[in-house]
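Notes follow once the structure below has been shown.
Protein chains in written order, with my numbering: chain A, 1 to 487; chain B, 1 to 487.
Written out as structure tokens, the structure is:
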């Protein structure tokens, strides 16, 4: 008997279900996977029956099922044909789809820059902001921790997790922020999140009443935080920053939430002064506002300023502290946390439960081990030294090569450095050359919510030094300086 | 010189920062960690200076900093004392905290039952719903995959992930749902989520307009889905289910979203009939509604019903398919996915980005490997057989021992079995004994949104058989039968 023609399948003689079901399923799979493409004429039922040695009624029944499901079509007097499943599924009715809920502005600031050519997945990231070095990450230690954390002997590591986070990790985080950032808290004050972004999102869900709550944000500031607040229906109130941080005097009395980056303002790099910290805490106390402290890279401190977390000064349960392991370990981990006052914990736990019902258990367990065994502290210490060298190299290079155009701000913490324009009239030209010659570095303009005159005080460029080595820093800055000098 | 009294610290002679800073930080750490408790009188600055061999001014400066921060207090004429940091942070001002945003009803249905004593972290789960077996999970395969996925050689595994999911996993899921559930899709139609719960949450964000959008849900139905919809401000419209699934005729024409579990209704266990599936698709097409298909345990099918995913029949981009690895792998993984029509993908990606900026990369990569290497399919096949045996054992046991009171519904898929009350007047008595003698099993009443007469048609008890072996099934059902017979 001749082989079965255009049919790219062998009929399994055995298996679950009846022969009709098996034939039906195999034909359907072939159509879905495009092994049988649209328009292919199917052999007659008689021919299939003969070829496979099965009853013709079996084939007819299978064809009928396929027809009922729309996978094959028949025209009067013609053989059955494979239907155009892809077109039916992929193209029709686009106009008649229901309206989507109102959407907040897009938040992918990494793509937002005019000459930003960096792919998210690219390896060479140059001066990209907020991306730490991973070359010296202790992968062996991490993988061992991950192995232990996914041991089948860990009996409770398979079921549904506690939404607020694994107890061991909550305890480890409480210890970690106490040591590293002088944050005052116990295990019960910690809610584990999927990165700082989910912390913002959960806080927005819990604290923002749609269309009513005014949320003050630093301007320039961190776009993804604004996106989370907007998504929950907040009214954003941009507040200028100067060399002491957020200008507290400019807060309208009716803002209910104030979002700040006191350790290392994003992107202008200043640390909020003690006077401003006190003024902000006073403001919150007087007006019943909540302060969200985003401490995104405060672990890397360079000694000049003794300022710890703002949370430490809070005596009225006004400050919610948000931390992340994206900088101290790596971003792909997607692990962050909220240290919140007791009155917020239950609401945050419920919000987390509704949002995703808790995070991956093995990852949480492994990070807890890394903290409790001291590996995180060791790695942070090591990286602080390396980042300090990069910071110093970058400071010196900007001073030496770009001093005519930029005034670098010495960062007391973190993994990016900010440099102000000497002459705002040159800003656009320098920004455009920077985008071209110092990939990843960003003009603060892209972090502004309002383009107003007063913002000019903080106009400048942010250079990440998390994932660029000293040699490349010097070469890139020199190249940029030549380009600016030439133009 | 005498040792330094009540001071539980050694002053580090070297280290970052000045001596003042080091002393200040060590004292502060001691207070935060309660090594120095509230009320402890501090030794005089002179005494500390002598004990440590440092200048008295250094000690005075450190004390001043601690005082400024509120960690120590002084009273006129008395020595400095450690302040009550815990009280200040933990107790004050509870009344004056800002109001929280309106919260949806709590969703932790696992804790909701009247006699539900099961701890989330408990190991013995009896008839608990939605919890799969993990004893035969191929931990060695999984750990190898996880090792490969966290290799330092995987250059793009450290940075920020693509919010919509890792490309390899999106491709693997498209292949998996094509084979296993006949879902018609390509890689680009897949959005990876943190469990099915986040899928519901993202869909609610994107499709629900607060206070306006009517969302039809099965009644009885799955509480966490309702919680996600409520959190986004949906108006829930409960729709009865009968032995063919959701009663499509009862849908009001103005619902915009219809949420269904067509493979295995939660909790009543019926598969939606083909007629109802067609009617539902018609409804969506006529009224411009979207259907959310929650296929939470459809991988485990027992052969009697040839019904695949509802999505397969959709020709108008109306069905959004939600899948999860919580049942086919394990819940603590927190990995799920949405297969959405093209018009939804961009909005979902943005919502995911705002929600948590993407999931853990190593977990995604490892699951992709498990799928592509065929391990998931193998494991599913193996577990299907084991679950089938448990299902048969449970069916037979209920028939034999509880046949006077309950009519079991043969489940065509999934890992729980539903049994209807023969006599509704006995329902309460049986439910209460069930809670006592068959831990984890749940009366459908706890899944009802509306307690109305029409719901009585589906009144009964759901028994999970995911994590209970045959012996225990028989023993528990026999025990329950004795208790019911006795009472």
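C-beta: ideal position from N, C-alpha, C; glycine also. Every value quoted in this text rests on a predicted model; they were computed, and no experiment measured them.
Using DSSP bridges, identify the partner residues of residue 318/B. Its beta-bridge partners do not exist; DSSP assigns none.
Could you check whether residue 141/A and residue 364/A sit closer than 8 Å to each other, using their CB atoms as the reference points? In this structure, the beta-carbon distance from residue 364/A to residue 141/A does not fall below 8 Å.
Please state if the CB of residue 195/B and the CB of residue 356/A are separated by a distance shorter than 8 Å. Yes, the pair counts as a contact, with Cβ atoms nearer than the cut-off.
Integer Cβ distance of residue 420/B from residue 407/B, believed to fall under 8 Å: So it is a contact: roughly 5 Å between Cβ atoms.
Once DSSP output is grouped into helix, strand and coil, what is the label at residue 337/B? In the structure shown, residue 337/B adopts extended strand secondary structure according to DSSP, grouped into three states.
What whole-angstrom Cβ distance do residue 405/B and residue 484/B have, given they're in contact under 8 Å? Contact flag correct, Cβ pair sits at about 6 Å.
My guess is that residue 465/B and residue 417/B are in contact by the Cβ rule of under 8 Å, so how many angstroms apart are they, rounded? Confirmed, about 6 Å.
With a floor of 4 residues, list each alpha helix (DSSP H) that falls wholly inside the region 351-423 of chain B, ordered by position along the chain. Considered as a whole, the region 351-423 of chain B harbours 361-372, 375-402 as its complete alpha helix (DSSP H) runs of no fewer than 4 residues, in chain order.
Using a cut-off of 8 Å between C-beta atoms, extract the partners of residue 150/A located in chain B. By Cβ distance, chain B contributes 139, 142, 143, 146.
Whose C-beta lies closer than 7 Å to the C-beta of residue 487/B among residues of the same chain, with five residues either side of it excluded? Closer than 7 Å at Cβ, skipping near neighbours: 429, 433.
Closer than 8 Å, CB to CB, is residue 315/A near chain B or not? Judged by the 8 Å Cβ criterion, residue 315/A is in contact with chain B.
Count the CB pairs spanning the region 21-40 of chain B and the region 466-474 of chain A that are closer than 8 Å, and state whether there are at least three. With fewer than three CB-CB distances shorter than 8 Å, the region 21-40 of chain B does not count as touching the region 466-474 of chain A.
Could you check how far apart the C-beta atoms of residue 402/B and residue 480/B are, in whole angstroms? I think they sit under 8 Å. 7 Å between Cβ atoms; contact.
With a threshold of 8 Å between beta carbons, is residue 32/A in contact with chain B? Yes, its Cβ sits closer than 8 Å to a Cβ of chain B.
Reference residue 137/A, options 353/A, 331/A, 410/A, closest by Cα: Of the listed residues, the one whose Cα sits closest to residue 137/A is 331/A.
Would you mind stating whether residue 19/B and residue 58/B have Cβ atoms separated by less than 8 Å? In contact: residue 19/B and residue 58/B (Cβ atoms closer than 8 Å).
From the DSSP secondary-structure annotation, give me the bridge partner or partners of residue 323/B. Paired residue(s): 337/B.
Could you tell me which of 171/B, 148/B, 276/B, 126/B sits nearest to residue 372/B, measuring between CA atoms? Per the Cα distances, 171/B.
Which of the three DSSP states is assigned to residue 89/A in this structure? The pLDDT assigned to residue 89/A is 40, lower than 50, so where the model puts this residue is not dependable, and the model offers no usable value.
Do we get a CB-CB distance below 8 Å when we pair residue 328/B with the residues of chain A? Chain A, which has no Cβ nearer than 8 Å to the Cβ of residue 328/B, makes this no.
Measuring CB to CB, does residue 246/B end up less than 8 Å from residue 146/A? With respect to the 8 Å criterion, residue 246/B and residue 146/A are not classified as neighbours on the basis of their beta carbons.
For residue 193/B, name the three-state secondary structure that DSSP assigns. When secondary structure is reduced to three states using DSSP, residue 193/B falls in the strand class.
For residue 119/B, does the three-state DSSP call read helix, strand or coil? For residue 119/B, the predicted model reports a pLDDT of 34, less than 50, meaning its position is unreliable; a value from the coordinates is still stated below. In the displayed model, residue 119/B falls within coil according to three-state DSSP, outside both helix and strand.
Using only the alpha-carbon positions, how far apart do residue 265/B and residue 352/A sit? In a straight line, the C-alpha of residue 265/B is about 26 Å away from that of residue 352/A.
Decide if the region 220-238 of chain B is in contact with the region 370-384 of chain B; the criterion is three or more beta carbon pairs, one per stretch, under 8 Å apart. At 8 Å Cβ cutoff, the stretches do not touch.
Measure from the alpha carbon of residue 165/B to the alpha carbon of each residue in 262/B, 377/B, 424/B, 345/B, then state which is nearest. Relative to residue 165/B, the option among 262/B, 377/B, 424/B, 345/B whose CA is nearest is 345/B.
What is the DSSP secondary structure of residue 241/A, reduced to helix, strand or coil? Here residue 241/A sits in strand by DSSP.
Chain-ordered chain B contacts of residue 57/A [CB-CB under 8 Å]: Within chain B, no residue comes near residue 57/A; the closest Cβ sits about 16 Å away, beyond 8 Å.
Span separating the alpha-carbon of residue 183/A from that of residue 425/B: Between the C-alpha atoms of residue 183/A and residue 425/B there is a straight-line separation of about 58 Å.
Since residue 295/B contacts residue 259/B with CB under 8 Å, what's their CB separation in whole angstroms? The pair is not a contact, with the Cβ atoms about 12 Å apart (cut-off 8 Å).
Here's the rule: buried if 16 or more other CB atoms are within 10 angstroms of the residue's CB, otherwise exposed. What is residue 423/A? Residue 423/A is exposed by the Cβ-count criterion.
Would you mind sorting residue 135/B into buried or exposed? The rule is 16 or more other CB atoms within 10 Å of its CB. That one is exposed.
Distance, residue 414/B Cα to residue 460/A Cα: Rounded to the nearest angstrom, the two C-alpha atoms are 59 Å apart.
Continuous alpha helix (DSSP H) stretch holding residue 282/A: start and end: Looking at the DSSP string, the run of the alpha helix (DSSP H) that includes residue 282/A is 274-287.
Reduced DSSP secondary structure (H/G/I, E/B, other) of residue 158/B: The answer is coil: DSSP assigns residue 158/B none of H, G, I, E or B.
Quick one: is residue 439/A buried, meaning 16 or more other Cβ sit within 10 Å of its Cβ, or exposed? Per the 10 Å Cβ criterion, buried.
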